[in-house]
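Peer 1: Numbering (my numbering), first residue to last: 424 to 593. Glycine included, each C-beta is placed from N, C-alpha and C at the ideal position. Computed from a predicted structure; not experimentally measured.
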């Protein structure tokens, strides 16, 4: 079964129990996370065994672009593209223009590379400021025009994922 932070009973019925409702109210997860987890659970029940050993972590949505963060994935890119298409058709209520499933690996670099594909990452730097804050400075090959998701939306999604300011430079 695909692992999610929500109870299997809640995912089947669409009604949240007290524990899961509390997670949403506290801000750990959102209604979007519940809908995406429910969609993944339904797809697995319909026979998508590809996501059987995967774990749903979080969903991020900005301006119709939906990024789904998964873990423990040993799925090839072609099967992941099919799964993205199925998720897009099942989530009609949100009507995402673009769905991208990201497999969380050990480094931030791998997450960034997956989000900006087909553009290529040139360098990733962390700038530390005297006040204790920091920001990622991401340099992309001049093919930044080839990114499927606009630069500003990528920056805001990465800011949500990493809890740091993000600047993308070409």
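1. Between the alpha carbons of residue 535 and residue 440, how many angstroms are there, rounded?
2. What residues are listed by DSSP as bridge partners for residue 524?
3. Would you identify the three-state DSSP class for residue 441, choosing helix, strand or coil?
4. Count the other C-beta atoms from every protein chain shown that fall within 10 angstroms of the C-beta of residue 592, then say buried if there are 16 or more, exposed otherwise.
5. The beta strand (DSSP E) that contains residue 558, what's its start and end?
6. Would you tell me roughly how many angstroms separate the C-alpha atoms of residue 442 and residue 585, rounded to the nearest one?
7. Grab me the residues of residue 588's own chain with a C-beta within less than 8 Å of its C-beta, minus the 5 sequence neighbours each way, in chain order.
8. Looking at residue 547 and residue 399, is the spacing between their C-beta atoms short of 7 Å?
9. Using C-beta distances below 8 Å, list every residue in its chain close to residue 466, excluding the 5 sequence neighbours before and after it, in chain order.
10. Could you name the residues of the same chain whose beta carbon sits closer than 7 Å to that of residue 486, not counting the 5 residues immediately before and after it, in chain order?
11. Ignore the nearest five residues each way along the sequence and tell me which others in residue 524's own chain have a CB closer than 7 Å to its CB.
Peer 2: To lay it out plainly:
1. Position 112 of the chain shown, counting from 1, holds the residue named residue 535. Position 17 of the chain shown, counting from 1, holds the residue named residue 440. Taking the straight line from one Cα to the other gives about 34 Å.
2. Residue 524 sits at position 101 when you count from the first residue of the chain shown. Paired residues: 491.
3. Counting from one through the chain shown, the residue named residue 441 turns up at place 18. Residue state, collapsed to three classes: helix.
4. Along the chain shown, read from residue 1 onward, the residue named residue 592 stands at position 169. It is exposed - the Cβ of residue 592 has fewer than 16 other Cβ atoms within 10 Å.
5. In the chain shown, the residue the question calls residue 558 occupies position 135. 557-563 is the span of the beta strand (DSSP E), which, as asked, contains residue 558.
6. One-based indexing of the chain shown puts residue 442 at position 19. One-based indexing of the chain shown puts residue 585 at position 162. Using only the alpha carbons, I get a separation of about 26 Å.
7. Here residue 588 corresponds to residue number 165 of the chain shown, with the count starting at 1. Once the five neighbours on either side are set aside, the close Cβ partners of residue 588 are 556, 557, 558, 559, 582.
8. A query on residue 399 cannot be resolved here, the shown segment of the chain reaching from 424 to 593 and no further.
9. Taking the chain shown and counting its residues from 1, one reaches residue 466 at position 43. Taken in chain order, the residues that qualify are 474, 506, 509, 510, 513.
10. Mapped onto the chain shown, residue 486 falls at position 63. Leaving aside the five residues that flank residue 486 on each side, the residues in its chain whose CB is nearer than 7 Å to its CB run, in chain order, 576.
11. Reading the chain shown from its first residue, position 101 is the one you call residue 524. If we look at residue 524 and ignore the five residues flanking it on each side, its Cβ neighbours are 491, 493, 503, 506, 507.
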